[in-house]
Structure formats: C-alpha cells, structure tokens
Amino acid sequence: MRLRSASAGLARSHADHAAMLGADRAALPADQDARVPLGRFRALILAAKAATGDPAFVLHHAAATRIEDHSVAGLIIHACRSMAEAVAQLNRCGRLMVEVDLMDGAARFSAEIGPEGARIIGNRPDPDAFPELTESAFGRFAAEFRREFPDRPFARALEVTHAAPDQAAAYGEVLRCPVRFGAPRNAMLIDAARPGQEFGEHNGYVFGLPAERAEALMAELSAAECLPARIEALLLPDLHKGAFSAEAAAAPLGMSRQTR
66 MRLRSASAGL ARSHADHAAM LGADRAALPA DQDARVPLGR FRALILAAKA
116 ATGDPAFVLH HAAATRIEDH SVAGLIIHAC RSMAEAVAQL NRCGRLMVEV
166 DLMDGAARFS AEIGPEGARI IGNRPDPDAF PELTESAFGR FAAEFRREFP
216 DRPFARALEV THAAPDQAAA YGEVLRCPVR FGAPRNAMLI DAARPGQEFG
266 EHNGYVFGLP AERAEALMAE LSAAECLPAR IEALLLPDLH KGAFSAEAAA
316 APLGMSRQTR
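Dropping the structure here:
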C-alpha cells in the first residue's frame with residue numbers, strides 16, 4: 066500500500082498557526098510542494114492541539130487561514146467561478162493537499178440534492194481514524210464561503226460519523242450550524258442554490274496560471290504510486306524462494322540499483 070502524504074505547505078500552515086498561538090515551531094520541509102507522510106502530518110495536528118491547549122485547533126485553523134496559501138491546488142480552487150466548480154476541482158487536484166484512500170475510484174466529495182437542500186458528502190473510508198480531516202474539510206467549506214459572502218449563512222446542519230469530542234461545542238461556534246455526532250456519514254447540508262452561486266472575484270486568468278504546475282505535481286504523485294505496485298508484482302512470484310536482490314528488481318524496470 067502506498068504511504069499517503071500531505072503537502073508541506075498545508076503542514077506548515079498548521080505549524081505556523083500553532084506557533085502564533087504560542088506553541089514551539091516544528092521544523093518542516095522548505096518546499097511548499099514537498100510531501101509530508103500522512104502519519105507525520107497527523108502527529109503534527111495532535112501535537113498542535115496539545116501545545117496550544119485548543120482541542121478545536123483544526124476548526125479554528127480552517128476559520129483563520131486561506132486555502133490558496135496552502136498549495137497550488139488551493140490557488141485553483143479559490144479561482145473557481147462557483148462552489149460546484151470548486152468542489153469539482155477539489156476532487157481533481159485536492160490530493161496535492163492531502164492524499165486519502167478512496168474505494169472504487171469514488172470522488173472525495175459528492176453532492177446529493179433532496180427536499181431539504183443540497184448535501185456535500187465526504188466519501189473518505191474509515192474517517193474516524195483521522196477525524197481531524199473531517200473537521201478540516203467541512204470547516205474549510207464553511208470558512209471559504211463565509212469569506213466570499215460574509216452576510217449569508219452557509220451550513221444548515223452537519224452530520225459526522227465520529228463520536229462527540231471534547232471540542233463538540235466549538236463545532237457550532239465555528240460552523241454556525243447544529244451538528245449531529247455518531248451519524249451514518251459525513252455530510253453538510255446547505256441551501257440548494259449554494260452550489261451554483263457564482264463567486265464575486267472569479268478570475269479565469271488566475272485560474273489558468275497554476276494548472277500546469279498542478280498537473281505536473283499530480284503526475285509525480287501517480288508515478289510514485291505506481292512504482293511500489295510494479296516492484297511488488299516483480300517480487301511476489303519469487304518471494305518464497307528468498308532469492309532476490311535490488312539489482313534483480315531494478316533491471317526489468319529500466320533502473321539502476323541506486324535509482325530513487
């Protein structure tokens with residue numbers, strides 16, 4: 066299984082926010098587009114919550130920061146014409162911020178229209194293993210919409226699969242909507258008109274600028290994801306013999322033993 070990761074820019078944003086609140090600043094990669102193993106990213110989040118004494122640190126980070134400061138994916142999402150377009154771009158290139166496992170090629174987020182309104186549904190498997198990602202995602206939806214339309218309510222209700230945490234009261238404070246914990250799925254209910262509502266500062270020129278960089282970075286992630294599977298396929302047939310070497314694995318892949 067591929068080791069999932071988050072962008073160094075996103076990790077740095079959380080570390081910076083924790084430092085602003087008085088925590089010690091963690092050392093992180095200098096490159097905004099470098100990768101941080103997901104386990105290390107989660108450890109950073111938990112350390113930031115402990116160091117700041119704020120169990121709602123992730124929700125408050127989402128409310129206090131801007132998505133376009135985290136990665137090239139954030140720039141693309143922020144430059145979208147509407148929320149529906151932003152969610153589509155989030156599904157396309159959001160893994161540049163955080164990679165997650167998705168079953169059967171499902172989108173990270175899907176939409177469902179019903180009599181009550183529209184629901185943004187999070188499709189991440191086993192979400193309770195890292196509930197802070199749920200907080201970050203829906204906190205970000207609410208915060209970014211509020212920046213565009215500060216006088217209009219956004220979320221009408223939120224369902225989350227994890228049990229009520231210590232910071233349960235902060236959900237309503239930050240998201241400004243009732244929250245149901247221990248629900249069957251992670252979903253945010255919004256007004257049915259919100260997905261198609263156009264943002265006032267859409268800039269098509271800015272939208273196009275980071276696209277080439279995003280495509281290159283996603284290609285790098287895909288290549289890194291494919292290589293372990295190719296090596297595994299080569300080694301498994303002879304693994305029981307106990308006779309294999311780095312040279313034997315590298316040769317069929319057109320690589321040297323030293324290739325990284």
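Note that this note's numbering has the sequence shown beginning at 66, numbered continuously upward. We put the CB at the ideal spot given by N, CA and C, even for glycine. Quick caveat, the model's predicted, so the values are computed rather than measured.
At 4 residues or longer, and completely inside the region 167-225: list those alpha helix (DSSP H) runs for me, N to C.
As far as the region 167-225 is concerned, its whole alpha helix (DSSP H) runs of at least 4 residues are 196-213.
Using 9 Å as the threshold, is the C-beta distance between leucine 124 and serine 70 below it?
What you label residue 124 is simply residue 59 of the sequence shown in a count that begins at 1. What you label residue 70 is simply residue 5 of the sequence shown in a count that begins at 1. The Cβ atoms of leucine 124 and serine 70 lie no closer than 9 Å to each other.
Bridge-paired residues (DSSP) for asparagine 251
Looking up residue 251 in the sequence shown gives position 186. Beta-bridge pairing links asparagine 251 to Gly187.
For a quick check, are the C-beta atoms of isoleucine 185 and phenylalanine 174 less than 9 Å apart?
Numbered from 1 along the sequence shown, position 120 holds the residue referred to as residue 185. Numbered from 1 along the sequence shown, position 109 holds the residue referred to as residue 174. Judged by their CB atoms, isoleucine 185 and phenylalanine 174 are nearer to each other than the 9 Å cut-off.
Could you name each continuous beta strand (DSSP E) segment of 3 residues or more that falls completely within the region 82-143, going from the start of the chain to the end?
Listed in chain order, they are 100-102.
Cβ contact check for the region 128-146 and the region 217-232: 3 or more pairs under 8 Å:
These segments do not touch.
Please classify alanine 73: does DSSP put it in a helix, a strand, or coil?
Within the sequence shown, residue 73 is the residue found at index 8, counting from 1. Under the three-state reduction of DSSP output, alanine 73 falls in the helix class.
How should alanine 235 be labelled, buried or exposed, when 16 other C-beta atoms within 10 angstroms of its C-beta is the threshold for buried?
Position 170 of the sequence shown holds residue 235. Buried.
Return the CA-CA distance between glutamate 181 and aspartate 96, expressed in angstroms with no decimal places.
Within the sequence shown, the letter at position 116 stands for residue 181. Within the sequence shown, the letter at position 31 stands for residue 96. Using only the alpha carbons, I get a separation of about 44 Å.
Cβ-Cβ separation, alanine 73 to alanine 112 (assumed contact under 8 Å), whole Å
Along the sequence shown, one-based indexing puts residue 112 at 47. Along the sequence shown, one-based indexing puts residue 73 at 8. The pair is not a contact, with the Cβ atoms about 16 Å apart (cut-off 8 Å).
What are the partner residues of valine 163, as DSSP defines its beta bridges?
Your numbering for residue 163 matches position 98 in the sequence shown. Assignment of beta-bridge partners to valine 163 by DSSP yields Ala71.
Option in Glu200, Asn188, Leu109 with minimal Cα separation from leucine 167:
What you label residue 167 is simply residue 102 of the sequence shown in a count that begins at 1. Minimum Cα distance to leucine 167 is reached at Asn188.
For the putative contact between glutamate 213 and phenylalanine 264, defined by C-beta atoms under 8 Å, what is the C-beta separation to the nearest angstrom?
The sequence position of residue 213 within the sequence shown is 148, counting from 1. The sequence position of residue 264 within the sequence shown is 199, counting from 1. The pair is a contact, with the Cβ atoms about 5 Å apart (cut-off 8 Å).
Span of the alpha helix (DSSP H) around arginine 157:
Along the sequence shown, read from residue 1 onward, the residue named residue 157 stands at position 92. Per DSSP, arginine 157 belongs to the alpha helix (DSSP H) from 148-158.
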